[in-house]
Amino acid sequence: MTGVNAEQAKVTEAMDRLLADFPPDSVPPKEFWGAQFDAGLAWVDFEEGDGGLAVSPSFRAYVSRRLREAGAPTWNRSANIIGIGMGSGVLAAHGTPEQRQRWLRPMFTMDEIWCQLFSEPGAGSDVAALSTRAVRDGDEWVVNGQKVWTTLAHLASWGLLVTRTDPDLPKHRGLTYFVVDMHADGVECRPLYQITGEAEFNEVFFDDARIPDGNRIDEVGAGWRVSMTTLMNERVAIGGNTVPRGHGSIGQAVEAWKTHGDGNPATRRELARLWGEVEAMRLTTLRAVENMEAGTPGPEGSTGKLAWADLNKEVTAFTVDLMGLGGTTIPEGYTLEATSYETRETERVLSPQRAFLRARANSIEGGTSEIMRNILGERVLGLPGEPRVDKDLPWKEVPRG
Amino acid sequence: MAESITFAPTDEQVLLASTIRELVDASTSMDRTRELSLTVDAFDTEAWEGLKQMGVVGLTMPYEVGGGGASLDDLGVVFEELGRRVVAVPLLSTTMAMTAIHASGSAAAADLLPALASGDAIGTLAVHEGPHGDPLQVPNTTAIEVDSGHALSGAKRFVTAGPLASTFVVSASLDGELALFIVHVDAEGVDVQAVSALDATRPLATVTFDGAEASLLAVGDEAREALSTALDIGVLAMAREQVGGASACLDMAVEYAKSRFQFGRAIGSFQAVKHMCADMLVAVEHARSVAVYGCRVEDPAERDIAVPLAKSVCSAAYLQAAGDNIQIHGGIGFTWEHDAHLYFKRAKSTSLLLGSVDAHRDRLADVLEL
Ligand SMILES: Cc1cc2nc3c(=O)[nH]c(=O)nc-3n(C[C@H](O)[C@H](O)[C@H](O)COP(=O)(O)OP(=O)(O)OC[C@H]3O[C@@H](n4cnc5c(N)ncnc54)[C@H](O)[C@@H]3O)c2cc1C
């Protein structure tokens with residue numbers, strides 16, 4: 002048997018056994034996820050014992066398909082996306098065996114929710130400019146500073162935290178990455194309400210919070226490298242959704258046309274245009290997944306986040322337009338409330354008006370569309386970067402504001 | 002259905018693409034295409050000769066008539082490569098003519114197809130009578146029965162490859178029904194007037210028929226079916242051509258953005274330029290997905306979606322890429338000497354040929370029951 006066939010046999014066998022021993026329709030989700038992790042089918046390319054079978058990552062798509070066909074619960078991936086979609090990859094690439102042992106299983110079973118503590122009031126797109134300080138004190142690190150826009154921080158057990166440990170070095174070099182206990186003393190979380198009234202995100206304050214050195218990820222000063230792993234996983238997690246044709250906001254637009262549409266041929270044509278653009282994006286995602294599985298990823302794997310952000314804004318605005326004066330109302334009304342992970346805005350069906358509001362975040366969260374265009378231009382097309390005034394200066398001398 | 006389609010080219014297709022690319026490199030050049038653009042009957046005979054020798058002209062026709070028995074997707078690979086260099090060959094027109102003849106199921110197909118499939122004869126559809134209008138409706142051109150067969154009278158406009166073609170597939174009204182006929186260019190009563198084409202690499206003609214001798218291919222539903230199949234195949238092949246052209250524009254723009262310096266830096270380091278390139282990339286990748294998808298789906302209901310999808314998405318992408326490519330090149334991009342205009346003209350004319358973008362959006366809306 003060739004390598005690939007042997008791997009396929011291994012994955013198939015594990016999957017068959019999992020589905021036979023833990024029938025998804027009768028086993029509660031948490032128990033199923035635990036069994037899935039133990040079977041090595043959480044992240045199939047991870048090491049055995051870490052929720053994987055040490056096979057090629059191309060088998061991830063096979064695992065997803067089998068789970069979907071069997072009707073197994075997979076919503077842990079979106080509900081705990083920062084853990085399962087991003088933190089897991091960080092731990093696999095940069096964590097120690099002990100760290101993987103400690104964190105991966107409860108992450109996958111949703112016993113522990115994760116959040117990402119990157120952005121700060123003074124460091125958004127330019128996240129490497131961040132100023133939250135960590136200072137070593139024996140076997141511990143003492144952290145002071147503020148993070149912002151931290152999605153799910155109020156529900157999280159653990160946070161992926163980037164800090165500045167050496168302000169005398171240029172900004173990319175003086176950073177160190179930790180996993181922080183969100184319930185530790187000196188960590189305080191306050192909800193931030195977004196334009197819909199919901200608080201998916203928070204501001205998080207560190208006031209002499211202590212982190213054991215055992216929670217440091219990778220070397221002191223390697224924080225930027227680890228952050229890049231995180232962001233790459235994030236953009237794949239956001240852009241790479243394969244939804245069935247006509248679902249999501251375009252489905253809502255079609256629905257609205259059928260109920261409120263006035264038959265105007267120009268509007269109908271515009272709807273067909275949007276439908277076509279969304280379908281083209283969907284087919285591109287399928288193509289990207291296929292190439293990823295085959296181990297031949299191309300530029301089509303990087304366009305999804307940007308395309309989706311722009312299109313979702315257009316489609317949701319179109320839907321509200323169709324509603325005429327109905328579009329001046331919002332059925333949910335506004336109440337300021339913190340989200341729960343099962344019912345976050347991104348997880349439930351919103352009214353067209355509310356979806357229209359939520360869509361404004363698509364081109365900001367996970368890297369703004371301007372930054373995504375820079376990335377496509379520079380990393381995919383190989384265009385030169387911009388002149389940088391801050392690159393080689395010690396971080397503490399860089400102008401801020 | 003949608004989900005079961007794969008996109009990656011087969012090994013044979015990768016090979017086919019590089020063979021066509023070599024052929025194009027060896028047999029023609031952008032300078033030659035530019036020169037041909039000053040004529041009203043542009044025909045890159047050397048490139049065509051190469052395609053003939055490779056047996057590519059009749060690629061999708063059955064073996065019995067000298068074709069290659071290959072898939073539409075294989076043909077798509079050829080179109081993509083030819084589109085990448087806007088090669089002036091009448092492959093689209095000939096493909097549509099062959100497809101109509103083959104799909105008509107007419108007994109005459111066995112006589113007509115071998116010369117077309119070999120590339121010795123050039124075919125085209127003559128089915129438009131004005132700048133607007135649906136070629137599947139019963140046209141003004143009329144056919145009457147005569148002793149020797151039929152006689153056609155009327156005028157067809159915007160006939161692609163019209164100045165080059167020897168075999169016309171002509172739509173006409175026969176007893177009030179849509180019918181398709183074959184008319185040979187040298188038949189009595191046929192007059193071909195070349196028209197200056199916006200995209201001179203795809204020449205156009207007005208063809209008038211004055212009692213011209215014609216042989217019947219199909220009538221009524223059969224004619225409509227054969228014609229609509231030919232037009233749909235044309236749209237899908239042309240979508241691949243558009244993808245080839247658009248991705249060539251992107252390559253050119255990126256190349257130039259890296260090497261042209263202003264204000265002491267490469268213009269590609271300016272976001273206004275970089276972001277244009279990034280948006281082109283998204284458009285090109287989307288176009289590629291729908292074009293390949295269209296060439297691979299076989300389910301008729303799915304193809305009904307895929308055809309207008311491919312036409313509208315790929316046209317928009319090509320127009321964007323070809324237009325922005327000129328912009329990124331600045332003044333030099335506006336010169337005759339530069340290649341950019343060849344793509345821009347091809348982009349515009351392909352967006353109008355075989356049903357406008359708007360018409361295809363309407364068609365998509367119809368299929369989706371919007
Ligand atoms: C709903 C939501 C959830 C979020 N969740 C999290 C989270 O869980 N964890 C976390 O760490 N962060 C999170 N963020 C923060 C997000 O990553 C930042 O908002 C984003 O990176 C932009 O940073 P900023 O808000 O400081 O804007 P800025 O960086 O100040 O940008 C302001 C404007 O300037 C533009 N700009 C900035 N730099 C450039 C440049 N080089 N070229 C061109 N234009 C530029 C931007 O595109 C934007 O238009 C979330 C944001 C939102 C909206």
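So the protein lines, in turn, are chains B and D.
First residue of the first sequence? That's 2 in the working numbering, and the numbers climb one at a time after it.
First residue of the second sequence? That's 2 in the working numbering, and the numbers climb one at a time after it.
Just so it is clear, CB atoms sit at the ideal spot from N, CA and C, and this is done for glycine as well.
Annotated three-state conformation of D/Thr100 is helix, per DSSP.
B/Thr230 sits in a helix when the DSSP states are folded into three classes. Around B/Arg283, the same chain offers Thr243, Val244 and Arg246 as residues with beta carbons nearer than 8 Å, after the five sequence neighbours per side are excluded. Taking B/Gly262 as reference, the option from B/Gly328, B/Asn203, B/Gly305 and B/Arg211 with the minimal CA-CA separation is B/Gly328. Within the same chain, Cβ atoms closer than 6 Å to the Cβ of D/Gly246 are found at Gly84, Tyr319, Tyr344 and Arg347, the five residues on either side in sequence being excluded.
For D/Glu178, no chain B residue has a C-beta closer than 8 Å to its own C-beta; the minimum C-beta separation is roughly 29 Å. Secondary structure at B/Phe33: helix, using DSSP grouped into helix, strand and coil.
Distances between the C-beta of B/Ser341 and the heavy atoms of ligand 1 are all 7 Å or more. Excluding sequence positions up to five before and after B/Pro122, its CB lies within less than 8 Å of the CB of Gln147 and Val149, all in the same chain and listed in chain order. Within chain B, Leu287, Arg288 and Glu291 have C-beta atoms less than 9 Å from the C-beta of D/Thr7, given in sequence order. Contact residues of the stretch 67–81 of chain D toward chain B are absent (C-beta to C-beta distance below 9 Å).
A check of alpha carbon separations from D/Thr143 across D/Ala152, D/Asp135 and D/Pro136 identifies D/Ala152 as the nearest.
Among the residues of the stretch 269–285 of chain B, those with a Cβ less than 9 Å away from any Cβ of chain D are Arg269, Arg270, Glu271, Leu272, Ala273, Arg274, Trp276, Gly277, Glu278, Glu280, Ala281, Met282, Arg283, Leu284 and Thr285, in the order of the chain. Along the stretch 307–321 of chain D, going in chain order, the ones with a CB nearer than 7 Å to a CB of chain B are Leu310, Ser313 and Val314.
In the DSSP assignment, D/Phe210 forms a beta bridge with D/Gly155 and D/Val191.
Within the stretch 134–214 of chain B, complete beta strand (DSSP E) segments of at least 3 residues are found at 134–138, 141–148, 159–165, 176–182, 188–193 and 202–213, given in chain order. In this structure, ligand 1 has a non-hydrogen atom nearer than 7 Å to the beta-carbon of B/Asp127. The criterion of a C-beta distance shorter than 8 Å is satisfied by B/Phe60 and B/Asp46. Here D/Gly77 carries a helix assignment [DSSP, helix/strand/coil].
One finds Leu384 and Pro385 in chain B with Cβ atoms closer than 8 Å to the Cβ of D/Ala267, taken in chain order. B/Phe206 has its CB no nearer than 7 Å to any heavy atom of ligand 1. Contacts with chain B at 8 Å (Cβ-Cβ) do not include D/Val15. For B/Pro58, the CB contacts under 6 Å within the same chain, skipping 5 residues up- and downstream, are Asp46 in chain order.
Counting along the chain, B/Trp104 sits inside the alpha helix (DSSP H) bounded by residues Pro98 to Phe109.
Annotated three-state conformation of D/Thr143 is strand, per DSSP. Per the Cβ contact rule, the stretch 234–252 of chain D is not in contact with the stretch 191–205 of chain D (fewer than 3 Cβ pairs under 8 Å).
Taking 8 Å as the cut-off, the beta carbon of D/Val244 is found closer than this to the beta carbon of D/Cys315. Bounds of the beta strand (DSSP E) holding D/Leu175 are Thr168 to Leu175. According to the DSSP assignment, D/Ala180 belongs to the beta strand (DSSP E) that extends over Glu178 to His185. Judged by the Cβ position, B/Ala200 fails to qualify as a neighbour of ligand 1 at the 7 Å threshold, every heavy atom of the ligand being at least this far. In this structure, D/Asp42 lies near D/Pro204, with their beta-carbon atoms less than 8 Å apart.
D/Gly150 and D/Gly212 have their C-alpha atoms some 11 Å from each other. B/Lys392 places its beta carbon less than 8 Å from that of B/Pro171. Within the same chain, and ignoring the five residues on either side of D/Arg33 in sequence, the residues whose Cβ sits closer than 7 Å to its Cβ are Asp45. Per DSSP, reduced to three states, the secondary structure at D/Phe262 is strand. Residue contact with chain B for D/Tyr64: absent (no Cβ-Cβ distance below 8 Å to any residue of chain B).
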